[in-house]
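So the structure is just underneath, and the comments pick up after that.
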Amino acid sequence: MATSVTLQRRSVLLQAVRSFFLSRRYLEVDTPVLLPLLIPESQIVPFCCEGRFLQTSPELCMKHLLARGCPRLFQLCHCFRRGESGRYHLPEFTMLEWYHAGWSYLELMAEVEELVRTLAGNPDDFPGLDRQGNLVREQRTVALHRPWSRMTVDAAFLEFAGIPAREALADGRFDEILVTEVEPNLGWEQPLFLYDYPVTLGSLARPKKDDPSLAERFELYICGIELGNGFSELVDPEEQRRRFEREIAMMTGRERQVVMPERFLASLAAMPETAGIALGFDRLLMLFSGAGTISEVVPLAAEEL
Amino acid sequence: MYSASDLRKGLKVQIDGEPYIITEFEFSKPGKGQALYRTKMRNMITGNQFTQTYRSNDKFEKPDLEERTMQFLYSQDNEYHFMDTTSYEQIFLTREQLGDNVNFLVDNMEVQVLFFDNRPIDVSLPIFVNLVVTRADPWVKGDTSGTDTKPVTVETGYQLQVPPFINEGEKIQIDTRTGEYITRVKE
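One line per chain: the protein sequences are C and Z, in this order.
Residue numbers 3 to 307, in the working numbering, belong to the letters of the first sequence in order.
Residue numbers 204 to 390, in the working numbering, belong to the letters of the second sequence in order.
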């Protein structure tokens with residue numbers, strides 16, 4: 003169970019996140035969490051509740067609002083994913099998600115740097131930070147000053163696993179190699195953005211203009227831990243429909259009925275070019291607190307009730 | 204059947220007809236990627252360890268394991284004979300199966316025998332056992348060699364280090380997990 007000092011830290015960080023975005027003229031939104039349908043994602047299993055679903059991410063709702071003309075949105079909300087439980091996973095967790103119209107993933111990476119730098123600006127509040135506001139974990143210091151490291155997915159696979167990412171993907175070993183050989187090495191000197199994923203691994207991301215086999219998607223890593231997933235959003239409804247069809251095909255035989263989110267696709271036509279990211283708030287708080295697991299930084303665990 | 208999402212440290216599963224215990228476990232899931240269940244397992248018969256990553260749709264049989272209270276009767280050649288204290292059924296395990304446990308087995312000792320598919324595969328001993336010292340060099344007064352222990356042999360033939368005041372014929376308590384001396388037992 004969280005102690006009062008952990009609750010205090012959590013509250014400080016929540017307020018600091020809000021201040022950061024409000025000062026940048028983002029709108030805070032609180033979209034519904036009980037939804038009649040979800041974005042089809044074959045690797046994420048939702049909780050079902052009387053014919054509806056608990057949200058696995060606020061992406062569907064927030065993109066609806068972007069299409070209605072809200073250019074900068076952020077949200078702190080709970081997300082629910084069945085069967086995810088481990089050191090860095092909980093079936094219910096807190097997500098920080100934000101979108102900025104007119105941006106690509108490059109500008110968004112820069113804003114992530116500024117966000118984390120700013121949040122680390124009061125290091126006395128957090129035992130996982132040193133006096134200079136750098137992160138300390140496992141006796142190593144991760145410098146948060148900008149710019150952070152950047153590495154393409156392909157370069158990381160070659161360097162840490164000796165295999166091109168495309169080949170790993172074709173062999174069906176991409177996720178396994180990523181988790182066991184690549185991720186543990188990422189983000190120990192500075193936070194690291196792993197970017198340009200094979201396009202099939204970015205179902206909602208825009209393909210790169212000069213190489214459509216890659217998606218403009220990035221993940222943020224600090225101390226080998228994945229913290230956030232961002233991309234230049236795909237706003238082409240026809241391309242998005244084809245990708246959803248592929249996802250839905252992979253989900254046949256599941257117990258739940260998967261439907262094409264038609265209204266979402268229709269609204270996508272009105273959505274401007276946008277970049278968006280989902281960042282695990284509990285994981286960030288875990289790093290700032292010097293905690294070993296995210297269970298240590300949530301206010302209450304289901305098992306305690 | 205267990206599915207991958209049931210895996211956790213300490214769970215026992217059956218793979219290729221043999222029982223395994225999970226000694227390390229980690230759930231991983233790359234963003235937008237598939238759930239991976241990374242495990243380290245020990246074969247409960249051979250003791251061999253291996254690491255393996257499983258996916259959501261992997262399934263595991265539950266091994267048929269049963270623990271029974273049995274009494275150690277005697278050893279002959281390489282075989283260690285035990286009797287079920289309720290059914291009086293007798294079985295034996297080999298020296299190799301027992302490993303270091305043979306150092307602490309004395310006649311009539313009650314132990315837990317683990318059966319897999321009705322075959323005995325392992326024995327767990329009480330944490331503390333009392334054994335008689337059968338050989339100990341006398342403590343030479345004024346010994347200035349600086350050592351504060353001396354070697355002794357107990358009734359099972361096992362040798363260990365004990366404080367110098369322990370004499371032949373005395374009983375000592377030993378921790379079976381570490382094989383170390385705990386205390387002298389007065390009777």
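The C-beta atom is built at its ideal place from N, Cα and C for all residues, glycine as well.
Source: prediction; values computed, not measured.
Partners in chain Z for residue i, counting only beta-carbon separations shorter than 8 Å
i, result
"Arg89(C)", "Glu229, Phe230"
"Gly85(C)", "Ser208, Ala238, Ser259"
Alpha carbon of residue i to alpha carbon of residue j, nearest angstrom
i, j, result
"Val336(Z)", "His284(Z)", "23 Å"
"Gln293(Z)", "Leu328(Z)", "18 Å"
"Glu229(Z)", "Met204(Z)", "20 Å"
"Leu206(C)", "Glu43(C)", "10 Å"
"Arg142(C)", "Glu298(C)", "21 Å"
"Leu15(C)", "Phe55(C)", "29 Å"
"Pro366(Z)", "Gly372(Z)", "15 Å"
"Arg211(Z)", "Val355(Z)", "42 Å"
"Tyr449(Z)", "Trp342(Z)", "One cannot answer for residue 449(Z) here, as it falls past the ends of chain Z, which runs 204 to 390."
"Pro274(C)", "Gln242(C)", "15 Å"
"Val7(C)", "Trp190(C)", "27 Å"
"Tyr193(C)", "Pro222(Z)", "This sequence places Pro at residue 193(C); Tyr is not what is there. C-alpha separation (whole angstroms): 42 Å."
"Ile41(C)", "Arg265(C)", "11 Å"
"Leu121(C)", "Leu289(C)", "12 Å"
"Asn260(Z)", "Pro214(C)", "32 Å"
"Asp378(Z)", "Ser206(Z)", "37 Å"
"Gln45(C)", "Arg84(C)", "11 Å"
"Ser278(Z)", "Asn306(Z)", "12 Å"
"Gln259(C)", "Glu52(C)", "13 Å"
"Leu171(C)", "Gly250(Z)", "35 Å"
"Thr352(Z)", "Ala339(Z)", "11 Å"
"Ser106(C)", "Asp156(C)", "20 Å"
"Gly255(C)", "Gly220(Z)", "29 Å"
Interface partners of residue i on chain C, CB under 7 Å
i, result
"Thr226(Z)", "Simply none; closest approach about 16 Å."
"Gly234(Z)", "Glu221, Glu228, Asn231"
Whole-Å CB distance - residue i paired with residue j, under 8 Å assumed
i, j, result
"Arg208(C)", "Glu235(C)", "6 Å"
"Arg11(C)", "Phe95(C)", "That pair is no contact at about 17 Å."
"Tyr101(C)", "Leu75(C)", "5 Å"
"Phe233(C)", "Ala277(C)", "7 Å"
"Pro239(C)", "Leu62(C)", "Not quite, the Cβ-Cβ distance comes to about 14 Å (not below 8 Å), so this is no contact."
"Leu229(C)", "Gly282(C)", "6 Å"
"Arg139(C)", "Cys225(C)", "5 Å"
"Asp173(C)", "Pro233(Z)", "Not a contact, Cβ separation roughly 16 Å."
"Ile227(C)", "Arg285(C)", "6 Å"
CB of residue i within 8 Å of CB of residue j, strictly
i, j, result
"Val19(C)", "Leu67(C)", "no"
"Tyr361(Z)", "Ile375(Z)", "no"
"Glu221(C)", "Lys210(C)", "no"
"Phe162(C)", "Val181(C)", "no"
"Met97(C)", "Pro73(C)", "no"
"Val395(Z)", "Asn304(Z)", "Nothing can be reported for residue 395(Z), as the shown portion of chain Z is limited to 204 through 390."
"Met286(Z)", "Gln300(Z)", "no"
"Phe253(Z)", "Met247(Z)", "no"
"Asp267(Z)", "Phe319(Z)", "yes"
"Ser58(C)", "Phe82(C)", "The residue you asked about is not Ser; residue 58(C) is Thr in the sequence shown. Contact flag set, yes."
"Tyr199(C)", "Leu216(C)", "yes"
"Ala2(C)", "Leu196(C)", "Any question about residue 2(C) goes unanswered here, given that chain C covers just 3 to 307."
"Thr288(Z)", "Thr272(Z)", "yes"
"Phe166(Z)", "Glu282(Z)", "Only positions 204 to 390 of chain Z appear in the structure, and residue 166(Z) is not among them; the question remains open."
"Val144(C)", "His80(C)", "no"
"Leu37(C)", "Val261(C)", "no"
"Val237(C)", "Leu92(C)", "no"
"Gly135(C)", "Gly123(C)", "yes"
"Asn231(C)", "Lys235(Z)", "yes"
Chain Z contact residues for residue i, given Cβ-Cβ distances below 7 Å
i, result
"Gln45(C)", "Lys235, Gly236, Gln237"
"Val181(C)", "Ser231, Pro233, Leu239"
"Leu39(C)", "None at all; the shortest Cβ gap to chain Z is about 19 Å."
"Leu203(C)", "Lys235"
Proximal chain Z residues relative to residue i, where beta-carbon distance stays under 9 Å
i, result
"Leu281(C)", "Simply none; closest approach about 11 Å."
Proximal chain C residues relative to residue i, where beta-carbon distance stays under 9 Å
i, result
"Thr242(Z)", "Per Cβ cutoff of 9 Å: no residues; Thr242(Z) is ~12 Å from chain C at best."
"Thr272(Z)", "Within chain C, no residue comes near Thr272(Z); the closest Cβ sits about 33 Å away, beyond 9 Å."
"Thr256(Z)", "Glu178, Val181, Thr182"
*Is there contact between the stretch 82 to 92 of chain C and the stretch 218 to 235 of chain Z, where contact requires at least three CB pairs shorter than 8 Å?*
yes
*Is the stretch 288 to 304 of chain C close to the stretch 214 to 223 of chain Z, with three or more CB pairs under 8 Å?*
no
*the stretch 137 to 153 of chain C / the stretch 101 to 117 of chain C touching (three or more Cβ pairs under 8 Å)*: yes
*Give a yes or no on contact between the stretch 310 to 321 of chain Z and the stretch 354 to 373 of chain Z, applying the rule of three or more CB pairs nearer than 8 Å.*
no
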